[in-house]
Every structure is written in structure tokens, then in C-alpha cells.
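Enquirer:
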Amino acid sequence: MLLLLVVTSCQKVLDQKAVDSFNEESVFQDLNLVQAYLGNCYDMMDGSTGTTPTDPALSLNKDLLASATDEMLNMQRPNNAVNLKGTLSPDNFGNFGNSEWQFLRWGPLYTNVKNVNVLLANIDKVPVTTDADKARLERMRGEAYFIRAYVYTYLMRVFGGLILIDKPFDLNDDFLSYKRSGLDETVAFILADLDKAIEILPEKQDIEQGRATKGAAAALKSKLLSWSAGKLVNGGYEPSNPLVSFQLGTREERLQAAKKMAREIMDGKYGHYALTGETSDPPANMTEEQVMAYADNFAGIFLQKGAWNDEVMFGIQLKNAVGNQKDMNKSWGPNGYHNFGQNEPTEPFVRLFEMKNGTPFVWSRYNPGNETVRDFTAAELAADPERNPYVGREPRFYASILFDGAKWQKRPDDLAAMDPEGRIQAGTYVAANGALTAGIDTRQAATESWNGTKTGYYMRKYLDPDLEGQYFNNDNAWIEFRYAEVVLDFAEACIELGDIQEGLDALNMIRNRAGLPDRVTSDQAQAREWYRKERQLEFFGEGDRWYMMRKWMIAPDVVKDVHQMLITHYYDGRTKWEYDTKTVVDQRQWEDFCYWLPIPRTEINKAPQIDQNPGYK
1 MLLLLVVTSC QKVLDQKAVD SFNEESVFQD LNLVQAYLGN CYDMMDGSTG
51 TTPTDPALSL NKDLLASATD EMLNMQRPNN AVNLKGTLSP DNFGNFGNSE
101 WQFLRWGPLY TNVKNVNVLL ANIDKVPVTT DADKARLERM RGEAYFIRAY
151 VYTYLMRVFG GLILIDKPFD LNDDFLSYKR SGLDETVAFI LADLDKAIEI
201 LPEKQDIEQG RATKGAAAAL KSKLLSWSAG KLVNGGYEPS NPLVSFQLGT
251 REERLQAAKK MAREIMDGKY GHYALTGETS DPPANMTEEQ VMAYADNFAG
301 IFLQKGAWND EVMFGIQLKN AVGNQKDMNK SWGPNGYHNF GQNEPTEPFV
351 RLFEMKNGTP FVWSRYNPGN ETVRDFTAAE LAADPERNPY VGREPRFYAS
401 ILFDGAKWQK RPDDLAAMDP EGRIQAGTYV AANGALTAGI DTRQAATESW
451 NGTKTGYYMR KYLDPDLEGQ YFNNDNAWIE FRYAEVVLDF AEACIELGDI
501 QEGLDALNMI RNRAGLPDRV TSDQAQAREW YRKERQLEFF GEGDRWYMMR
551 KWMIAPDVVK DVHQMLITHY YDGRTKWEYD TKTVVDQRQW EDFCYWLPIP
601 RTEINKAPQI DQNPGYK
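For the sequence shown, position 359 matches number 359 in UniProt numbering, and the numbering has no gaps at all.
(1) Give me whichever residues DSSP pairs with Asn92 in a beta bridge.
(2) Give the secondary structure of Asn74 by DSSP, where H, G and I count as helix, E and B as strand, and everything else as coil.
(3) Rounded to a whole number of angstroms, what is the C-alpha to C-alpha distance between Leu194 and Lys221?
(4) Are three or more beta carbon pairs between the stretch 492–501 and the stretch 226–245 nearer than 8 Å?
(5) Between the alpha carbons of Tyr483 and Met509, how many angstroms are there, rounded?
(6) Where does Pro239 land, buried or exposed, given buried means 16+ other C-beta within 10 angstroms?
(7) Per DSSP, which residues does Tyr457 bridge with? Please list them.
(8) Should Leu248 go down as buried or exposed, given a rule of 16 or more other Cβ atoms within 10 Å for buried?
(9) Per DSSP, what kind of secondary structure is Val558 in: helix, strand or coil?
(10) Can you find at least 3 beta carbon pairs, one from the stretch 23–39 and one from the stretch 136–152, that sit closer than 8 Å?
(11) Return the CA-CA distance between Asp456 and Ile567, expressed in angstroms with no decimal places.
(12) For Asn613, count neighbouring Cβ atoms within 10 angstroms of its own Cβ and tell me buried if that reaches 16, exposed if not.
(13) Would you tell me roughly how many angstroms separate the C-alpha atoms of Gln409 and Phe302, rounded to the nearest one?
(14) Tell me which residues share the same chain as Phe22 and place their Cβ nearer than 7 Å to its Cβ, disregarding the 5 neighbours each side in the sequence.
(15) With a 10 Å radius around its C-beta and 16 neighbouring C-beta atoms as the bar for buried, classify Thr575 as buried or exposed.
(16) Could you tell me the alpha carbon to alpha carbon distance between Pro242 and Ile165, rounded to whole angstroms?
(17) Measuring alpha carbon to alpha carbon, tell me which of Val151, Ala446, Asp523, Tyr547 ends up nearest Glu485.
(18) Report the three-state DSSP secondary structure of Gln612 (helix, strand or coil).
(19) Between the beta-carbon of Phe314 and the beta-carbon of Ala399, is there less than 8 Å?
(20) Just verifying my parser: in three-state terms, what is the DSSP assignment at Leu14?
(21) Just the C-alpha distance for Phe361 and Trp478, rounded to the nearest angstrom, thanks.
(22) Hey, would you say Ala197 sits closer than 8 Å to Ala212, going by beta carbons?
(23) Mind checking which residues open and close the alpha helix (DSSP H) that includes Leu467?
(24) Examine the Cβ distances between the stretch 284–292 and the stretch 462–472 and report whether three or more of them are shorter than 8 Å.
(25) Is Leu436 closer than 8 Å to Gly336 when the C-beta atoms are compared?
(26) Which runs of the beta strand (DSSP E) at least 3 residues long sit entirely within the stretch 496–581? Give them in chain order.
(27) Could you check the C-alpha separation between Glu448 and Asp475 for me, to the nearest Å?
(28) For Leu155, count neighbouring C-beta atoms within 10 Å of its own C-beta (all shown protein chains included) and say buried if the count is 16 or more, exposed if not.
(29) Straight-line CA distance for Glu92 to Phe175?
(30) So, is Asn95 buried or exposed, given that buried needs 16 or more other C-beta atoms within 10 angstroms?
(31) Taking 6 Å as the limit between beta carbons, can you name the residues of its chain near Tyr429, skipping five residues before and five after?
(32) Using only alpha-carbon positions, find the residue among Phe539, Leu104, Lys454, Asn117 that is nearest to Pro598.
(33) Sort out for me which residues DSSP pairs residue 656 with in a bridge.
(34) Measure the beta-carbon distance from Ile401 to Met418 and round it to whole angstroms, keeping in mind my assumption that it falls under 8 Å.
(35) Beta carbon of Ser274, beta carbon of Asp296: below 8 Å?
(36) Could you check whether Leu58 and Met45 sit closer than 8 Å to each other, using their CB atoms as the reference points?
Next up, the structure:
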């Protein structure tokens with residue numbers, strides 16, 4: 001049951017609306033109605049009700065946030081990633097202002113803050129008599145603190161200092177008195193909510209899956225503290241502006257706090273969590289079967305349909321039967337399966353995946369100096385299969401990317417004759433007479449070419465190999481907080497503090513689970529470079545890159561035009577891979593004001609006392 005609030009107001013600051021007094025009085029006289037009210041607050045954590053394929057589910061929607069980074073191209077709506085075009089403004093938000101990325105929108109998220117404040121202000125009025133009901137009510141209080149902290153954390157990482165509200169609006173309030181607080185006060189406010197949530201909430205085994213737990217609140221606190229230790233908010237951008245840069249304390253103090261929090265989670269203080277799979281040294285000279293076993297383990301993290309494993313710290317279980325549905329296979333899968341191919345990996349990102357022995361992938365390995373073309377005969381490929389750039393790569397490559405020749409699903413009946421093997425066809429085939437046949441998954445395909453890849457790749461991560469996306473929605477989980485993030489946040493804090501070996505020990509847990517050998521160095525700059533690369537590969541497609549690109553202030557270095565990988569298969573077995581840098585499939589431009597989103601013009605017009613973020617008018 002979801003309680004939909006009847007709301008009206010003569011003032012529209014922050015999209016605030018007062019709860020109808022009759023409903024409020026009724027709700028807080030019935031514990032079950034309070035539970036339903038809380039359920040509505042959960043639903044609105046993403047700024048929506050989250051019940052249809054067009055609504056977000058936490059940070060999941062058809063257009064992945066990763067398409068606002070160097071990782072990926074949204075083939076269907078590239079211009080909606082306005083932060084990559086230099087066109088982001090208070091009047092032009094693209095996907096940041098519509099339902100696709102509603103989980104980052106000012107108005108809808110503040111609406112949920114308002115709802116949670118009503119619950120917290122009235123929860124002590126709820127009549128309860130039994131110890132069980134008292135415990136249940138107290139747990140709901142903890143969940144409410146978690147939800148408010150979650151919403152404020154996401155708002156803060158998008159907009160900076162926030163308008164902090166901890167009580168219901170009163171129609172007699174002077175709404176023009178509400179102003180944004182600085183980052184120092186904003187983070188302190190959120191941390192106070194999280195400490196209350198951690199104290200109240202049970203561990204995961206003592207509460208229904210999907211609800212806030214002690215571990216979820218701890219993970220959110222770790223995320224917040226790690227973000228707060230980044231360059232962006234520690235004098236990297238407008239250092240004297242308290243809305244976007246800390247004015248109190250030091251970065252070292254914030255790094256120490258981030259390290260301490262992550263370490264406590266890793267030590268089990270807030271419940272048992274662990275990486276999925278083996279974290280000891282991987283075998284040397286792995287066979288193809290061993291590589292694929294590691295790949296299947298990693299892919300399986302994102303395909304959970306029942307009880308979650310110990311890597312999940314907070315998420316949402318998609319269940320078509322109860323209306324919690326998303327169509328990842330249909331939206332992101334190849335056009336040769338009657339799918340839409342929306343979120344496509346870029347070539348520079350694909351090249352980041354290492355070889356299976358942990359050495360870097362080097363495109364020009366066989367032709368030094370040539371970063372665009374690989375061209376080999378059948379005999380050369382037979383003698384050294386790794387001349388094919390997709391052979392011999394690390395396990396996460398095969399769990400994350402659909403590339404030309406990748407084994408995938410059986411084709412739909414009407415397309416099976418074109419590909420009886422179920423392998424991705426992202427290239428062109430040249431017959432002995434010179435006739436050309438476009439692969440079934442290209443933009444020149446005989447079927448639904450408009451949905452074909454513009455980069456030469458499709459996303460594999462999250463896609464269910466047993467699901468026909470043409471007909472069915474997905475039932476797998478979306479993981480918002482993963483234990484792997486805690487481990488990597490710990491590694492980052494250690495490396496930045498100069499505790500290099502301690503950081504590498506954590507980093508190597510992630511690498512070993514992925515089937516890769518340890519990193520070894522005593523050089524901080526090298527360790528930082530390795531860490532950042534590892535994080536990007538581990539969290540590809542999960543949205544993390546958008547935050548890290550800003551946190552580290554590396555956007556000018558990584559936001560580049562997108563080009564296509566062209567693949568040609570010849571009748572005699574020769575194959576040519578050409579990275580076509582002459583043709584731009586998506587033109588991109590970075591402007592530093594895009595490190596922060598602007599406050600929407602509509603909000604400034606309603607409340608002109610709200611300060612705008614730097615760089616915007």
C-alpha cells in the first residue's frame with residue numbers, strides 16, 4: 001500500500017506542499033498507515049514512485065548516468081548529456097532535469113525531504129502498546145533518518161550546500177528566509193542523521209530485504225565522507241565559496257574520517273559484508289575456462305533475483321509481479337535482438353581493460369605507433385589469437401562488454417538465419433566478389449539499423465543472458481551501495497594519506513576477485529593512477545564515474561569526442577579493426593562550471609534569496 005499525499009500550498013518554495021490535515025491525523029493514529037507512509041518515502045528516494053519502466057529505481061533508469069561520462073555514449077539521446085556539451089544551465093538541464101535522472105533533481109528530492117520531516121515530527125504520536133510495535137515504530141524512525149540522509153547526500157553531491165530543513169513546513173513560515181547552508185554545515189547535518197540511523201537500525205538479517213539497515217547507513221556515511229575528502233570540495237573549485245568548498249577543517253582530517261569509517265565497515269562493525277567470489281591470488285596463466293569463471297562470478301553480482309549476497313549493502317529488487325519493473329535488456333541490448341542499444345561503451349574505456357595476466361592492453365602492440373588500426377591475416381590470427389583485441393582480456397571485460405564476436409543469446413526466430421551461432425556482429429563482411437554484408441548488430445543492419453551501435457560496442461553488464469528483452473522486463477536487482485565501494489573508498493583514503501601498502505592491500509582484494517594479480521609499488525602517484533583505473537573498471541555503468549570525474553576534477557582530461565570502432569571481416573579470414581578518429585559520432589566539450597549543477601531557474605524565481613552556484617547566471 002502506498003499513501004499518496006494530498007498536498008497544497010500558497011507558496012511553492014522548494015516544491016514544498018503541506019500534507020492535508022485530515023490525512024495527517026489519520027495516518028499517525030495507525031501503525032500500518034505509518035508503514036505505508038514510510039513506503040511512499042522509500043519510493044520517492046529516486047524522485048518518483050518507481051513503479052514503471054519509465055520511472056527511476058534509485059539511480060537506475062534507461063539512460064544510465066554513466067552516459068554523462070567518458071565511459072559511455074547514449075546513442076538515442078546524446079544531446080541530453082548537457083554537461084558534456086557545455087550547454088548545462090539553469091534553464092537547460094537535459095536528462096538532469098527530466099524523468100531519466102529524476103533521482104538527482106532538486107524539486108522532487110526536496111518533496112521527499114518534506115514527507116520525511118512530516119513523519120519524524122509525528123511519529124511519537126502513533127499509539128503503540130506492545131513491545132513489538134514499539135520496536136517496529138522505532139525502527140521506522142531509523143529508516144526515516146536514513147532516507148533523509150540519503151536524499152540530502154545525493155542533493156549535496158550534485159548541488160553543494162543545501163537548504164537544510166528538519167521540520168514540517170508551516171503556512172505561516174517566512175519561506176523567503178530559507179537560504180542555502182555551506183558545505184560544512186550541510187555535511188554535519190547529514191552525518192547527524194546518519195549517526196541516528198546507525199544507532200537505531202538493525203543489521204541486515206533482522207529486517208526485510210531492501211529496507212535500510214545499520215550497514216546501509218554506514219555505507220552511505222562512508223560514501224559521504226569519501227566524497228567530502230575529494231579535490232573538488234577541498235579548494236579545487238571556487239575555494240572561498242562555502243557553497244562548493246569546505247571552509248573548516250583540513251582535507252587530511254576528512255581523509256582520516258573516511259578511512260576510519262570504511263575500516264569499521266570492513267571490520268564487521270555494522271554487519272557482515274564481503275566481496276562476492278574468491279579474493280586470494282588468482283591462478284597464473286589462466287585458461288579460457290578459468291577466465292570465464294571469474295567473469296561469470298562478476299556478472300552474477302548484478303543478476304541477483306532472490307536473497308542478496310553479502311556484497312549488497314543497499315539496493316532495490318526488481319519484481320515484475322509487483323510492478324517494480326525495468327527493461328534493461330530491451331533498452332541496452334543489441335539491435336540484432338530487437339533491442340534499443342541505448343548505452344554504448346566508448347573505445348578509450350574498452351581499452352582500459354587489462355590482459356588476463358594483469359599487463360596493460362596495448363593497441364599498438366603489433367604495430368608500434370599505430371593507435372588506430374589492427375589488420376591481420378587468418379594465419380597470423382591463428383598463430384597468435386591475441387592479435388584480435390578482444391582475445392586474452394581480463395574477466396571483467398567479458399562480464400561488462402558485448403563486442404564483435406562475443407557469444408550472446410540465441411537470435412529471435414525471425415533473425416536466426418542471419419546468425420545461427422548467437423554471436424555479436426558489430427562488423428562488416430566482405431565476400432570474394434567484393435559484396436558487403438553488414439553485421440546484424442550494426443547501423444547498416446537489415447533490421448532496426450537505427451538502434452545499431454555508434455561506438456562498435458554494447459553493454460553486457462546487468463543484461464540477463466536468459467531473458468528475451470524484446471518481450472520481457474528484468475527481474476534482477478539494482479545495487480545502489482556495494483561493499484566493493486567501501487573497500488575502494490578505504491584504498492583511496494589510504495593512498496591519499498600516504499599509507500600506500502595499506503591502500504594497495506585493499507585494492508588488490510578487488511583485483512584478485514576479478515582474477516587479476518596484485519599491484520606492487522611504493523610510489524603514491526602510481527598507486528593513485530592504478531586505483532582510479534581500477535575503480536572505473538569495477539563500477540562501469542553504475543554511475544560512479546560521474547561523481548569521480550567531478551570529485552577528482554579530471555573532466556578536462558577525459559571528456560573527448562566519441563569515435564567508432566569499424567571492423568571488417570574478409571572472405572579469406574583477414575580481419576581489420578580501425579578506430580575511426582576522423583569521424584565524430586558525438587561531439588563533446590567540457591566547461592568547468594559543469595562540475596556542479598545549477599539551481600533550477602524555476603526555484604530561483606520562486607525564492608530569489610537562494611544563491612546560485614558559481615559559473616551560472
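Heads up, the beta-carbon is just placed ideally off N, CA and C, and yes, glycines get one too.
Bear in mind the structure is a predicted one, so any value in this text is a computation, not a measurement.
Expert: This is what the structure gives:
(1) As a position in the sequence shown, residue 92 is number 92, starting the count at 1. Answer is Ser89, bridged to Asn92.
(2) Taking the first residue of the sequence shown as position 1, residue 74 is located at position 74. Asn74 falls in the strand class under three-state DSSP.
(3) On the sequence shown, residue 194 is found 194 positions in, with the first residue counted as 1. On the sequence shown, residue 221 is found 221 positions in, with the first residue counted as 1. CA-CA distance, Leu194 to Lys221, rounds to 7 Å.
(4) Yes, the stretch 492–501 is in contact with the stretch 226–245.
(5) Walking along the sequence shown from the start, residue 483 turns up at place 483. Walking along the sequence shown from the start, residue 509 turns up at place 509. In a straight line, the C-alpha of Tyr483 is about 12 Å away from that of Met509.
(6) By 1-based counting over the sequence shown, the position of residue 239 is 239. Label assigned to Pro239: exposed.
(7) The residue given as residue 457 occupies position 457 in the sequence shown. Note: Tyr457 sits in no beta bridge, so no partner.
(8) Position 248 of the sequence shown, counting from 1, holds the residue named residue 248. It is exposed - the Cβ of Leu248 has fewer than 16 other Cβ atoms within 10 Å.
(9) As a position in the sequence shown, residue 558 is number 558, starting the count at 1. Looking at Val558 - three-state DSSP - the assignment turns out to be helix.
(10) Remark: three or more beta-carbon pairs, one from each stretch, lie closer than 8 Å, so the stretch 23–39 and the stretch 136–152 are flagged as touching.
(11) Counted from its first residue, the sequence shown places residue 456 at position 456. Counted from its first residue, the sequence shown places residue 567 at position 567. Sequence inspection shows Gly at residue 456; the Asp mentioned does not correspond to that position. Each residue's alpha carbon lies about 8 Å from the other.
(12) Reading the sequence shown from its first residue, position 613 is the one you call residue 613. Asn613 is buried by the Cβ-count criterion.
(13) Residue numbering aside, residue 409 sits at position 409 when the sequence shown is read from its first letter. Residue numbering aside, residue 302 sits at position 302 when the sequence shown is read from its first letter. Distance between the alpha carbons of Gln409 and Phe302 is about 18 Å.
(14) Within the sequence shown, residue 22 is the residue found at index 22, counting from 1. Here the model assigns Phe22 a pLDDT of 41, short of 50, so the residue's position is not dependable, and the following value carries that caveat. Nothing listed; no residue qualifies.
(15) Your numbering for residue 575 matches position 575 in the sequence shown. With 16 or more other Cβ atoms inside 10 Å of its own Cβ, Thr575 counts as buried.
(16) Stepping through the sequence shown from its first residue, residue 242 is reached at position 242. Stepping through the sequence shown from its first residue, residue 165 is reached at position 165. Just so you know, the alpha carbons of Pro242 and Ile165 end up roughly 18 Å apart.
(17) By one-based count along the sequence shown, residue 485 stands at place 485. Of the candidates Val151, Ala446, Asp523, Tyr547, the one whose C-alpha sits nearest the C-alpha of Glu485 is Tyr547.
(18) For the purposes of this step, residue 612 is identified with residue 612 of the sequence shown, where counting begins at 1. Coil.
(19) In the sequence shown, counting from the first residue as 1, residue 314 sits at position 314. In the sequence shown, counting from the first residue as 1, residue 399 sits at position 399. Contact flag unset, no.
(20) By one-based count along the sequence shown, residue 14 stands at place 14. Per-residue confidence for Leu14 stands at a pLDDT of 41, beneath the threshold of 50, marking its modelled position as unreliable; the derived number appears in the next sentence. In the structure shown, Leu14 sits in a helix (DSSP, three-state: H, G or I).
(21) Position 361 of the sequence shown, counting from 1, holds the residue named residue 361. Position 478 of the sequence shown, counting from 1, holds the residue named residue 478. Looking at the two C-alpha atoms, the distance is approximately 30 Å.
(22) Within the sequence shown, numbered from 1, the residue matching residue 197 stands at position 197. Within the sequence shown, numbered from 1, the residue matching residue 212 stands at position 212. It is a contact, given that the beta carbons lie within the stated cut-off.
(23) Here the question's residue 467 lines up with position 467 in the sequence shown. Element bounds for Leu467: n/a, residue is neither H nor E.
(24) Taking 8 Å as the limit for Cβ pairs, the verdict is that the stretch 462–472 does not touch the stretch 284–292.
(25) As a first step, residue 336 is located in the sequence shown; it is residue number 336 there, counting from the start. As a first step, residue 436 is located in the sequence shown; it is residue number 436 there, counting from the start. Not a contact, by the Cβ cut-off of 8 Å.
(26) Inside the stretch 496–581, DSSP marks whole beta strand (DSSP E) runs of 3 or more residues at positions 564–570, 575–580, from first to last along the chain.
(27) For the purposes of this step, residue 448 is identified with residue 448 of the sequence shown, where counting begins at 1. For the purposes of this step, residue 475 is identified with residue 475 of the sequence shown, where counting begins at 1. Rounded to whole angstroms, Glu448 to Asp475 spans 26 Å at the Cα level.
(28) Numbered from its first residue, the sequence shown carries residue 155 at position 155. If you draw a 10 Å sphere on the C-beta of Leu155, you find 16 or more other C-beta atoms in it, and that means buried.
(29) As a working note, residue 92 is residue 92 in the sequence shown. As a working note, residue 175 is residue 175 in the sequence shown. Glu is not the amino acid found at residue 92; the sequence shown has Asn there. About 26 Å.
(30) Locating residue 95 in the sequence shown gives position 95, where the first residue counts as 1. Counting every other CB atom within 10 Å of its CB across the protein chains shown gives Asn95 a total of 16 or more, marking it as buried.
(31) Here residue 429 corresponds to residue number 429 of the sequence shown, with the count starting at 1. The residues are Thr437, His569.
(32) Here residue 598 corresponds to residue number 598 of the sequence shown, with the count starting at 1. Ranking Phe539, Leu104, Lys454, Asn117 by Cα distance to Pro598 puts Leu104 first.
(33) Within the shown structure, residues of the chain are numbered from 1 to 617, placing residue 656 beyond reach of any answer.
(34) Position 401 of the sequence shown, counted from the start, is the residue given in the question as residue 401. Position 418 of the sequence shown, counted from the start, is the residue given in the question as residue 418. In this structure Ile401 is not in contact with Met418, their Cβ atoms being roughly 22 Å apart against a cut-off of 8 Å.
(35) The residue you call residue 274 lines up with position 274 of the sequence shown. The residue you call residue 296 lines up with position 296 of the sequence shown. It should be noted that the sequence gives Ala, not Ser, for residue 274. The answer is no: Cβ separation not under 8 Å.
(36) Counting from 1 along the sequence shown, the entry for residue 45 is found at position 45. Counting from 1 along the sequence shown, the entry for residue 58 is found at position 58. Contact flag set, yes.
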